[in-house]
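Under the working numbering, the first residue of the sequence shown is numbered 1197, with each subsequent residue one higher. These notes are about the structure you will find just below.
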Amino acid sequence: MAQRKAIAAPETGKVAVAAGRGSNIDTAPKDRRRERGEASVQRIIDATIELIAEEGLGSVTMQRIAQHVGSSNALVVFHFGSKENLFRAVLQYLSDQYDELWVTLVRAPGLSPVERLLGAVNCAQNFARQHPKWVSVFVVFSSDRKSMQIYNEIGLPSDLAYTAEARELLIEISRSGGYTDVDIDTLSESLNYLVHGAWYWDHLNPRSRDTNVLRKTMLLLLHQAFPRHFELMR
């Protein structure tokens, strides 16, 4: 998330109180200013997400974002400096949100490799269902030539890390289950393709979001590879 610019305190000619109750009095307004600044940044990010999801990147300007959030263009510039910085903050925010869900569903303590892999399946579907506009923004960033560099810097490394983590889970399930004829590389890439393909299709055809096709297809592939460990979804 973009770093806010420091706000210089006015010259008072007095030495600030370093300890005691005075320090609490001095700190409280700063905390409130920081909270207001963080809330302002989040409102701008949320407004940018909504505009990109609905209209793409071409028509999104700092002025339109300011109007959408009900603030001044100067405030948007103050927080982010430029539209590119704002786009980076948006993509970083969305990447962080997906990572939080991944950590919750895939890396929770005590899960078996099968449960963790099922968590990865749930992560892909739940994220798309709960936050369709977030998914649309991911799709727009990854498919627009001008923004693809930003996506490659911020989004792609995480995508590759998730795929690598899922691949390690597949290897562990194959090894512990005694499966000797599973093409792990093809399977892990196929699961990755399914997620990105489903998200792209959901962006184009929003009515498909509420189906279980993504989950069913991923479980079908896993069942074919590891029939004793994964059941088909009815």
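All C-beta atoms, glycine included, are put in the ideal place defined by N, C-alpha and C.
I'd like to check one pair, residue j with residue i: are the Cβ atoms closer than 7 Å?
i       : j       : result
Val1335 : His1399 : yes
Ile1261 : Ala1285 : no
Leu1282 : Phe1276 : yes
Cys1319 : Leu1297 : yes
Leu1247 : Ile1350 : no
Val1265 : Ile1245 : no
Val1333 : Ala1249 : yes
Thr1413 : Leu1383 : no
Leu1313 : Leu1356 : no
Tyr1347 : Phe1323 : no
Check for me: the alpha helix (DSSP H) holding residue i runs from which residue to which?
i       : result
Met1258 : Met1258 to Val1265
Lys1279 : Lys1279 to Val1302
Met1344 : Met1344 to Gly1373
His1419 : Val1409 to Ala1421
Glu1311 : Pro1309 to Gln1326
Phe1276 : Asn1269 to Phe1276
Thr1382 : Ile1380 to Leu1400
Within the same chain, show all residues whose beta-carbon is closer than 6 Å to that of residue i, passing over the 5 residues directly before and after it, in chain order.
i       : result
Ala1316 : Val1302 and Ala1362
Tyr1396 : Val1335
Gln1326 : none
Trp1330 : Leu1290
Asn1388 : Thr1359
Ser1354 : Ser1291
Using C-beta distances below 8 Å, list every residue in its chain close to residue i, excluding the 5 sequence neighbours before and after it, in chain order.
i       : result
Asp1381 : Arg1363
Pro1423 : none
Glu1385 : Thr1359
Gly1158 : An answer regarding residue 1158 cannot be provided, because it is not within the stretch 1197 to 1430 covered by the chain.
Lys1279 : Val1256, Thr1257 and Met1258
Lys1342 : Leu1253
Ser1267 : Ser1236, Arg1239 and Ile1240
Val1378 : Leu1366, Ser1370, Ala1421 and Phe1422
Val1272 : Ile1240, Met1258, Ile1261, Ala1262, Val1265 and Leu1282
Leu1307 : Gly1315
Thr1407 : none
Residues in the same chain with beta-carbon distance under 7 Å from residue i, minus the five sequence neighbours each way, listed in chain order, please.
i       : result
Leu1428 : Leu1415, Leu1416 and His1419
Arg1411 : Val1317, Gln1321 and Met1429
Arg1230 : none
His1425 : Val1310, Ile1369 and Gly1373
Met1344 : Ser1338
Asn1269 : Met1258, Gln1259 and Ala1262
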